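Presented below is the structure to which this report refers.
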Amino acid sequence: MRSRAPLEVVRRRWRWVAVMALLGVVAGLCYSLYVPKTYRASASVFFSLQYGDSASDLVQGSTYTQNQVASFARLATTPAVLEPVIDELGLDTGVNALASRIEASAPLDTVLVEVTVTDRSAEGSARIANAVVDTLSTTVENLAPRNDNGRPTVEATTVAPAEVPGGPAAPKPPLNVAVGLGIGLLVGLALAWTREALDNRVRDASVVSEVTDLPVIGSIGTRSRASQPVVIESEPHSPQADFFRQLATNLQFLGVPGANSANGRDLRTVMVTSSVPAEGKSTVAANLAAALAESNARVVLVDADLRRPATAQLLGIEGAAGLSTVLIGRATIDDVLQEWGTSGLHVLASGRVPPNSGELLNSPAMRQVLAELRQRFDFVVLDAPPLLPVADAVILSRAVDGAIVVANVTKVRRHQLAESLRSLEQVKARVLGVVLNQVRRRDPSYSYEPYGGDVEWAPAAEEFVAGRAHLTGAAPAAPGNGQPAAVEPGRVPTATGAGEGPSGPSSAPHGKDG
0 MRSRAPLEVV RRRWRWVAVM ALLGVVAGLC YSLYVPKTYR ASASVFFSLQ
50 YGDSASDLVQ GSTYTQNQVA SFARLATTPA VLEPVIDELG LDTGVNALAS
100 RIEASAPLDT VLVEVTVTDR SAEGSARIAN AVVDTLSTTV ENLAPRNDNG
150 RPTVEATTVA PAEVPGGPAA PKPPLNVAVG LGIGLLVGLA LAWTREALDN
200 RVRDASVVSE VTDLPVIGSI GTRSRASQPV VIESEPHSPQ ADFFRQLATN
250 LQFLGVPGAN SANGRDLRTV MVTSSVPAEG KSTVAANLAA ALAESNARVV
300 LVDADLRRPA TAQLLGIEGA AGLSTVLIGR ATIDDVLQEW GTSGLHVLAS
350 GRVPPNSGEL LNSPAMRQVL AELRQRFDFV VLDAPPLLPV ADAVILSRAV
400 DGAIVVANVT KVRRHQLAES LRSLEQVKAR VLGVVLNQVR RRDPSYSYEP
450 YGGDVEWAPA AEEFVAGRAH LTGAAPAAPG NGQPAAVEPG RVPTATGAGE
500 GPSGPSSAPH GKDG
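Under numbering that gives the first Met the number 0, the residues of the sequence shown are numbered 0 to 513, in order.
See below:
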C-alpha cells in the first residue's frame, strides 16, 4: 500500500465519502419519517420509614429506606405491580411487553423512585406512569413490616405525578440526520482508505517513483471521444496538443538530437511501447512524431507493431504495404513510404501481418532499415508492440537509441509496469523514461487556447490602418494577397483564424496578448 496523506486520499476518493455521507443523511431522514412516534412520561414516588420518634430511630429508618429503595425500583417492573395496572387500565398487552416500556430507577443517596413510561400515545404514557407509581406504592406498603399498631413501617408518597408530554420523545429528526451523516462519513472514509489500499494503478508520478528511478518525461491529459487521435494536426491549439509538444521538448533535453548519450549513441531512433495493450502507445507515437515534425525536422513514423498494427487506421492511410513488405524484400522503403499531414511527416506503415514478427524484427534486414532511416531522417519514431504479451518490443529495444514506456493511469498496474521495465533492463536497453497517459486535469490553468472562430477587427484597428496609410501615402493592405486595397467605409475587415490578422500575429483581437 502506498503511504498517502489523509487529505490526499480524501481528495482522490471524495466521491466515496460524499456518496456514503448522502446515504447516511437519507437513512436518517427515512428513519425519522417511518419510525412510529413515541412519548415518554415520568412520575416520582417518595418512600419514608414510619418507625420510632427519636433522632436515632429516624436516622436508622432513613438508612434502611435508602438500602431498600433499589429493591423498590426493581419491584416496579414485576408482575406484582404490572398485572394490577393492566387490569385497571384495560391494556391489551402482556406483563413482559409492558415491562420493556418501563424504566424505574433510584437516584443515588435518595429515597426516590422515578418511573418513566414509553408509549405511542402521549396521554397513555402519563396514564400508565401514574398507575404504575400508585400500584408500586400500594405494593411496597403491603410488603413492608408492620409496627405495633399494625400500620406499615414504609409510607409511599407520590411527589411528582406524570404529565402529558407536549411532544414526541422519538424520533428526533435533527439527531437522526446528524447521526446518519456521521456514520456515513466514517463509512465513506473507511471505504476510501480501503479502495486506496487495493488500488495498484499507476496513477501519477509519485507511484512511478515507487516503481522505478526513471523520470516521468511526459504527462498526457485526457481527451474527448469526439476529438481526432492526432491532435497536433487536428487541434493544434488545444491543451492536448501542448502536452505532446512538452513531451517532444523533454526528449530534446534528453539528447534529441545531437547530444551524445551515456553509451555514445545519439537519440535519433526512439521506440514507443507500453506494458499492456490499449494504453494509447500508438496515439502517443503518432502525436510525438507530428510534434517533432512541426519544428521543420525530417521525421518518419514507423509502425513496428507487426501483430496488431494501428498506425494506418489511426492516420487514415494505406496499410497493406509497409515495413513487413520491405523486410521480406518485396519493396523498397521509397516504395511504401507515405507523406502525411501539413508538416511533412513521413509514415512507414506495418504492412501485412506476418506469421513470424519476432524473427523479422530481429533480422539483419530490420537493422538495415533502421540504419537507412536514421541516415535519411532526423527522428525515427517507432510504434512498438506492448512488452508483456510478446517479446517483439524487447527485441526491438536493442536496435534503437532509446525507448519510451507509456503508462495509462486507468489501465496499467504497478506490478505490470515494474515487470515491463525489468524486461528492458535485462537486455540492457536504454529507457528514456515513462509517459503517463490519460491523466485527468481539472485545473483551468492547463487550458490556454486562442480566441476561437472568425474574429472581426475592432473599429479602432480599422482607424489605425487607415491612419498609417494616410501618413505613408499608401493604401492599406488587403488581407491574404499582400496587394494594396482600400477599406470601404462602414465595412470591417475580418481575419480568418484565431490571433492572426492581415499584418501577422501582432493584430491580435482587442489588442490583447493571447
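We put the beta carbon where it would ideally sit given N, CA and C, even for glycine.
All of these numbers come straight from a predicted model, not from anything done at the bench.
Residue burial classification, residue i (beta-carbon count within 10 angstroms, cutoff 16)
i: residue 150; result: exposed
i: residue 304; result: buried
i: residue 14; result: exposed
i: residue 72; result: buried
i: residue 196; result: exposed
i: residue 496; result: Residue placement at residue 496 is poorly supported in this model, since its pLDDT is 36, which falls under 50; the coordinates are not used for a value here.
i: residue 166; result: exposed
i: residue 241; result: buried
i: residue 87; result: exposed
i: residue 221; result: exposed
i: residue 310; result: buried
i: residue 312; result: exposed
i: residue 378; result: buried
i: residue 374; result: exposed
i: residue 573; result: Nothing can be reported for residue 573: it is not among the residues displayed for the chain, which extend from 0 to 513.
i: residue 145; result: exposed
i: residue 106; result: exposed
i: residue 352; result: exposed
i: residue 124; result: buried
i: residue 519; result: This structure cannot speak to residue 519, because the chain is shown only from 0 to 513.
Cβ separation of residue i and residue j, assumed to be a contact under 8 Å, to the nearest whole Å
i: residue 381; j: residue 359; result: That belief does not hold up - the Cβ atoms of residue 381 and residue 359 are roughly 14 Å apart, past 8 Å.
i: residue 400; j: residue 267; result: 6 Å
i: residue 371; j: residue 316; result: Rounded, the Cβ-Cβ distance is 21 Å, inconsistent with contact.
i: residue 44; j: residue 136; result: 6 Å
i: residue 300; j: residue 269; result: Rounded, the Cβ-Cβ distance is 11 Å, inconsistent with contact.
i: residue 75; j: residue 101; result: 6 Å
i: residue 349; j: residue 322; result: 5 Å
i: residue 393; j: residue 422; result: 5 Å
i: residue 188; j: residue 16; result: 6 Å
i: residue 246; j: residue 217; result: 4 Å
i: residue 172; j: residue 39; result: 17 Å between Cβ atoms; not a contact.
Where residue i falls: helix, strand or coil (DSSP)
i: residue 363; result: helix
i: residue 199; result: coil
i: residue 384; result: coil
i: residue 111; result: strand
i: residue 95; result: helix
i: residue 293; result: coil
i: residue 13; result: helix
i: residue 378; result: strand
i: residue 407; result: strand
i: residue 145; result: strand
i: residue 6; result: helix
i: residue 355; result: coil
i: residue 209; result: helix
i: residue 268; result: strand
i: residue 278; result: coil
i: residue 414; result: helix
i: residue 181; result: helix
i: residue 430; result: strand
i: residue 336; result: coil
i: residue 305; result: coil
i: residue 118; result: strand
i: residue 284; result: helix
i: residue 18; result: helix
i: residue 37; result: strand
Proximity winner among the options, relative to residue i (alpha-carbon distances)
i: residue 413; options: 19, 93, 433, 427; result: 433
i: residue 407; options: 385, 195, 7; result: 385
i: residue 420; options: 93, 230, 275; result: 275
i: residue 416; options: 24, 215, 323; result: 215
i: residue 426; options: 398, 405, 250; result: 398
i: residue 236; options: 24, 337, 88, 293; result: 293
i: residue 103; options: 79, 84, 154, 42; result: 42
i: residue 404; options: 201, 341, 367, 320; result: 201
i: residue 366; options: 389, 325, 340, 329; result: 325
i: residue 249; options: 230, 229, 287; result: 287
i: residue 411; options: 175, 210, 428, 163; result: 210
i: residue 142; options: 124, 232, 70; result: 70
i: residue 232; options: 339, 430, 428; result: 339
i: residue 152; options: 170, 95, 124, 46; result: 46
i: residue 387; options: 198, 169, 418; result: 418
i: residue 193; options: 431, 11, 204; result: 11
i: residue 428; options: 84, 402, 177, 362; result: 402
i: residue 156; options: 139, 168, 89; result: 139
Residue i: CB within 8 Å of a non-hydrogen atom of the ligand FMN
i: residue 385; result: No copy of the ligand FMN appears in this structure; indeed no ligand is present at all.
Given 8 Å, three or more beta-carbon pairs between the stretch 274-284 and the stretch 356-372: no
I'd like to know if the stretch 105-118 and the stretch 21-32 are in contact, where contact means that at least 3 CB-CB pairs between them fall below 8 Å. no
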